[in-house]
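Below is one structure, written out as structure tokens; comments come after it.
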């Protein structure tokens, strides 16, 4: 989207230069006089280690390409002779072969997610515990988003003498971070990719074959510090058949946020906007329908006052609508907290294979009768109470850290929640939205006297305003169906509402794995849905 705007600005600037024209007159701050400036061409410099330079050059009218060679050591690539039926098992065997045959140097293994990482970690640990005294020690270090920060840091610590580190990672280690000491890479050839199916409103997370660009990035991780080796668990023919680049995110995500902001900036026709990677027509249409159902558009797909207000918030349209509704319900303080929690909910709860049952038991006290959104608020309230009851700021930090450990909560994620909350409060203040006066209990800045403790209806009604398209109603056969998309859904096993048999609920997201599961669910009273009658009739 940004590149499309830049290209349009370049075109306008170029036209002004050709006409030897000035920019439109502007007033100096604090003065009534106007000044004009001679128009100059706009230069755009795009730098990246991973982009397809040719495509970017073509988009910007055959712009020049400059390659800067990095300090990369040579990497020898080994490919499998035939496809691997179980790439996790093959990765285990390859790891052990490296440990037995090759000089010391850490091994980076690319897997698709936490389940595969924990599976391989358990298998490698069996061998690590049974090594002969003459063999170097094996250190198995997992790396994925939900892993506690102290365990993630082990990946970056210097490997002790006569040890070899095996780093089992998702594709976060592909480009986002650089891990020192890696001499060997094992590439399974897969990564988990999110895809949004607009017609069903379902986000699917599944393992897919990577692109050649990703494969090359993974290979390069073995040559950062010295010559290295990359073991691809797929054949050269398979590599040749891979897509050259990873499909751009704009072609596999919900477009509601992007379209709302295009309309807010004055773009009249989104279908003719110069996207670098143009989304599918159906996805653009769905985004308009979704925004209309949220009340952001008038007839003719024109943005209205509510839509413009939603666009001023740094949130996805559904959450922006929830926040604005919370001012009417007088629970904006709680909604800001909840939105900050939702932003970091994927990493908030520590849930490793060794601690899963203990964590579930420890967090049982936070369960709220109305579901997962209120459960999150209860966690934040309890965390803040620890600080409020402490004798000093120093003891407060220690006690909060211990509290997180006891309750299997990620302290870094909670710290990020508080920072996100501060930013959102500041944004509301700049927009003239007084969240301190919106709390149902007289404007308390904490949740201590909030609606989460006594009456959750205002919070749930605010959520319904933004998540009304993300609703599930129980059918006579006890299954659930979204009345708008007609998609059959199940409550995810991780939800506190799982197996509760609730009649109606809203959800934060749908994820399709073996079935279509609703995650982050909360109970909604059927009578509240009557306020959304117009929405359902228009679906």
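Numbering (UniProt numbering), first residue to last: 1 to 539.
For glycine and all other residues, C-beta sits at the position ideal for the given N, C-alpha and C.
Which residues in the same chain have their Cβ closer than 8 Å to the Cβ of residue i, if we skip the five residues on either side of it in sequence?
| i | result |
| --- | --- |
| residue 144 | 113, 114, 117, 169, 170 and 172 |
| residue 495 | 371, 372, 518, 519, 520 and 521 |
| residue 157 | none |
| residue 425 | 336 and 435 |
| residue 271 | 281 and 284 |
| residue 182 | 105, 106, 107, 108, 167, 221, 222, 224, 225 and 228 |
Along the chain, where does the beta strand (DSSP E) containing residue i start, and where does it finish?
| i | result |
| --- | --- |
| residue 241 | Looking at the DSSP string, residue 241 is not in any beta strand (DSSP E); the run it does join, the alpha helix (DSSP H), is 236-241. |
| residue 468 | Run containing residue 468: none; DSSP gives neither H nor E here. |
| residue 138 | 137-143 |
| residue 334 | Residue 334 -> not in any beta strand (DSSP E); alpha helix (DSSP H) instead, spanning 332-343. |
| residue 430 | First-last for residue 430: 411-430, but that is the alpha helix (DSSP H), not the beta strand (DSSP E). |
| residue 106 | 106-110 |
| residue 168 | 163-169 |
| residue 490 | 488-491 |
Rounded C-beta distance between residue i and residue j? I'm assuming under 8 Å.
| i | j | result |
| --- | --- | --- |
| residue 347 | residue 146 | 6 Å |
| residue 202 | residue 487 | 6 Å |
| residue 421 | residue 340 | 4 Å |
| residue 375 | residue 334 | Not quite, the Cβ-Cβ distance comes to about 13 Å (not below 8 Å), so this is no contact. |
| residue 6 | residue 276 | That pair is no contact at about 10 Å. |
| residue 472 | residue 480 | 4 Å |
| residue 207 | residue 192 | 5 Å |
| residue 246 | residue 87 | No, residue 246 and residue 87 are not in contact; Cβ-Cβ is about 19 Å, not under 8 Å. |
| residue 427 | residue 314 | 7 Å |
Residues in the same chain with beta-carbon distance under 7 Å from residue i, minus the five sequence neighbours each way, listed in chain order, please.
| i | result |
| --- | --- |
| residue 46 | 56 |
| residue 95 | 107, 109, 124, 166 and 186 |
| residue 303 | 263, 264, 296 and 297 |
| residue 197 | 204 |
| residue 528 | 461 and 464 |
| residue 155 | 141, 143, 167 and 179 |
| residue 451 | Low local confidence applies: a pLDDT of 42 at residue 451 is under 50, so the model's placement there is unreliable, and no value is given. |
| residue 260 | 291, 296, 307, 310, 311 and 317 |
By Cβ distance, which residues of its chain are closer than 6 Å to residue i, with the 5 residues on each side in sequence left out?
| i | result |
| --- | --- |
| residue 1 | 258 |
| residue 329 | 458, 461 and 462 |
| residue 200 | 485 and 487 |
| residue 18 | none |
| residue 345 | none |
| residue 369 | none |
| residue 326 | 332, 335 and 462 |
| residue 504 | 473, 524 and 526 |
Per DSSP, which one or two residues make a beta bridge with residue i?
| i | result |
| --- | --- |
| residue 78 | 231 |
| residue 297 | 303 |
| residue 179 | Looking at the DSSP assignment, residue 179 forms no beta bridge with any residue, so it has no partner. |
| residue 371 | 522 |
| residue 204 | 195 and 512 |
| residue 190 | 209 |
| residue 383 | According to DSSP, residue 383 bridges with nothing at all. |
| residue 313 | Per DSSP, none; premise fails for residue 313. |
| residue 506 | 471 and 522 |
| residue 185 | 108 and 230 |
| residue 349 | 409 |
Tell me which residue opens and which closes the alpha helix (DSSP H) that residue i is part of.
| i | result |
| --- | --- |
| residue 327 | 317-329 |
| residue 283 | 281-293 |
| residue 518 | Counting along the chain, residue 518 falls outside any alpha helix (DSSP H), though it belongs to the beta strand (DSSP E) covering 516-523. |
| residue 527 | Element bounds for residue 527: n/a, residue is neither H nor E. |
| residue 484 | Note, residue 484: premise wrong, no alpha helix (DSSP H); not H, not E. |
| residue 15 | 2-18 |
| residue 249 | Counting along the chain, residue 249 falls outside any alpha helix (DSSP H), and DSSP gives it neither H nor E. |
| residue 92 | 87-101 |
| residue 128 | 114-128 |
| residue 150 | 149-152 |
| residue 357 | 356-362 |
| residue 264 | 256-264 |
Determine, for residue i, whether the minimum Cβ-Cβ distance to residues of chain D falls below 8 Å.
| i | result |
| --- | --- |
| residue 389 | Protein chains in the displayed structure number just one, and chain D is not present. |
field: At least three beta-carbon pairs within less than 8 Å, the stretch 215-228 to the stretch 173-180
entry: yes
message: Within 8 Å, do at least three Cβ pairs link the stretch 389-407 to the stretch 302-318?
response: no
message: For the structure I just gave you, are there three or more beta carbon pairs, one from the stretch 126-135 and one from the stretch 237-252, closer than 8 Å?
response: no
- request: Take every Cβ of the stretch 402-421, pair it with every Cβ of the stretch 314-329, and state whether three or more of those distances are shorter than 8 Å.
  value: no
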